[in-house]
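Working notes, structure below.
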Amino acid sequence: SLSMLSPGSKISRSGQKRTRVPVRLAGIFLTVSRVDPALKWPFASILSCADSRVNPERVFDVQRANLFNVRNAGNIGSDGISIGSLEYSVAVLKVALIVVLGHSGCGAVSASQNTLRTGEYPGGDIDDVVNAILPALEDLGEDQTLAEGIWANAGYSARALKGSSIIRDAIDSGQLRVTYATYNLRSRRATFA
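To convert, count from 1 in the sequence shown and add 95; that's the numbering used here.
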């Protein structure tokens, strides 16, 4: 499943998408670009930030219906809604891969770093987002860069997902892989752990 995402992890600067090659998933050969978008057949789940600049289908150059997307500010994987949604994708839709996708310039991680440094919260329910991200940042120290915080947050969310018994059982049985990546908005490249 990861091989189905990786070839599309860079779109050329001219906007031309890479030519896709047939891939094998669970004994089935298919060309991702030829999958009927009217069918709901996700091979992967993506937990990504709600930032409008980060569209997982464009990031990984796959057709609609091939990804099960869960999005929230800061790609948080420690809340019940995100975990439950991803459990559904594993238990019912039988996805073989979950990717937690952070991105450069993430405002939610930046706000969390500011709270870590100053002790001041942004206010409202944004404080819940900050509180969910803070544990990922606390071991990095005060001089952490935004890029380091984004990477640490994506990894923290991926590890948090493994606390789900449904997700952990699927990993243990070899049916599922959980990983994380960050997407650079400028270079338009995803870097995987």
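We treat Cβ as the ideally placed atom computed from N, Cα and C, and that holds for glycine.
Arg166 bridges to which residues according to DSSP? What you label residue 166 is simply residue 71 of the sequence shown in a count that begins at 1. Arg166 pairs with Ser143.
Which term fits Asp264, buried or exposed, when burial requires 16 or more other beta carbons within 10 angstroms of its beta carbon? In the sequence shown, counting from the first residue as 1, residue 264 sits at position 169. The residue in question, Asp264, is exposed, as its Cβ has fewer than 16 Cβ neighbours within 10 Å.
Other residues of its chain near Gly122: CB distance less than 6 Å, five sequence neighbours each side excluded: Here residue 122 corresponds to residue number 27 of the sequence shown, with the count starting at 1. Since pLDDT at Gly122 reaches only 36, below the 50 mark, its modelled position is unreliable, and the value read off the structure follows with that caveat. For Gly122, where only same-chain residues beyond five positions count, there are no Cβ hits under 6 Å.
Counting Cβ pairs, one atom from each stretch, are 3 or more of them under 8 Å apart for the region 174-186 and the region 147-159? no
Does the Cβ of Ser282 have 16 or more other Cβ atoms within 10 Å, making it buried, or fewer, making it exposed? As a working note, residue 282 is residue 187 in the sequence shown. With fewer than 16 other Cβ atoms within 10 Å, it is exposed.
Cβ pair Ser184, Val190 closer than 8 Å: Working through the sequence shown from its first residue, we reach residue 184 at position 89. Working through the sequence shown from its first residue, we reach residue 190 at position 95. Cβ atoms of Ser184 and Val190: closer than 8 Å.
Closer than 7 Å by C-beta to Asn167: which residues in its own chain qualify, once you throw out the five before and the five after it? Chain order, please. Locating residue 167 in the sequence shown gives position 72, where the first residue counts as 1. Excluding sequence neighbours, Asn167 sits near Ala145 and Ser177.
First through last residue of the beta strand (DSSP E) which encompasses Arg284: Within the sequence shown, numbered from 1, the residue matching residue 284 stands at position 189. Looking at the DSSP string, the run of the beta strand (DSSP E) that includes Arg284 is Arg284 to Phe287.
Check for me: the beta strand (DSSP E) holding Gly197 runs from which residue to which? On the sequence shown, residue 197 is found 102 positions in, with the first residue counted as 1. Per DSSP, Gly197 belongs to the beta strand (DSSP E) from Leu192 to His198.
Does the distance from the C-beta atom of Ile245 to that of Val204 stay below 8 Å? Indexing the sequence shown from 1 puts residue 245 at position 150. Indexing the sequence shown from 1 puts residue 204 at position 109. Pairing Ile245 with Val204 gives a Cβ-Cβ distance under 8 Å.
Can you grab the Cα-Cα spacing for the pair Arg212 / Asp234, in whole Å? As a first step, residue 212 must be located in the sequence shown, where it is residue number 117. As a first step, residue 234 must be located in the sequence shown, where it is residue number 139. Going from the Cα of Arg212 to the Cα of Asp234 covers about 13 Å.
Just how far apart, CA to CA, sit Ala276 and Thr286? Here residue 276 refers to the residue found at position 181 of the sequence shown. Here residue 286 refers to the residue found at position 191 of the sequence shown. So the two alpha carbons sit approximately 5 Å from each other.
Can you list, in chain order, the stretches of the beta strand (DSSP E) that have 3 or more residues and sit fully within the region 237-278? Secondary structure remark: continuous beta strand (DSSP E) runs of at least 3 residues inside the region 237-278: none found.
Looking at Gly197 and Asn161, is the spacing between their C-beta atoms short of 8 Å? Taking the first residue of the sequence shown as 1, we reach residue 161 at position 66. Taking the first residue of the sequence shown as 1, we reach residue 197 at position 102. No, Cβ-Cβ distance for Asn161 and Gly197 is not below 8 Å.
To the nearest angstrom, how far is the alpha carbon of Asp222 from that of Asn279? Position 127 of the sequence shown, counting from 1, holds the residue named residue 222. Position 184 of the sequence shown, counting from 1, holds the residue named residue 279. So the two alpha carbons sit approximately 26 Å from each other.
For Pro137, which of Leu192, Lys257 and Ser143 has the nearest alpha-carbon? One-based indexing of the sequence shown puts residue 137 at position 42. If we check each option's Cα against that of Pro137, Leu192 comes out closest.
Would you say Gly172 and Val195 are within 8 Å of each other, going by their C-beta atoms? Numbered from its first residue, the sequence shown carries residue 172 at position 77. Numbered from its first residue, the sequence shown carries residue 195 at position 100. The answer is yes: Cβ separation under 8 Å.
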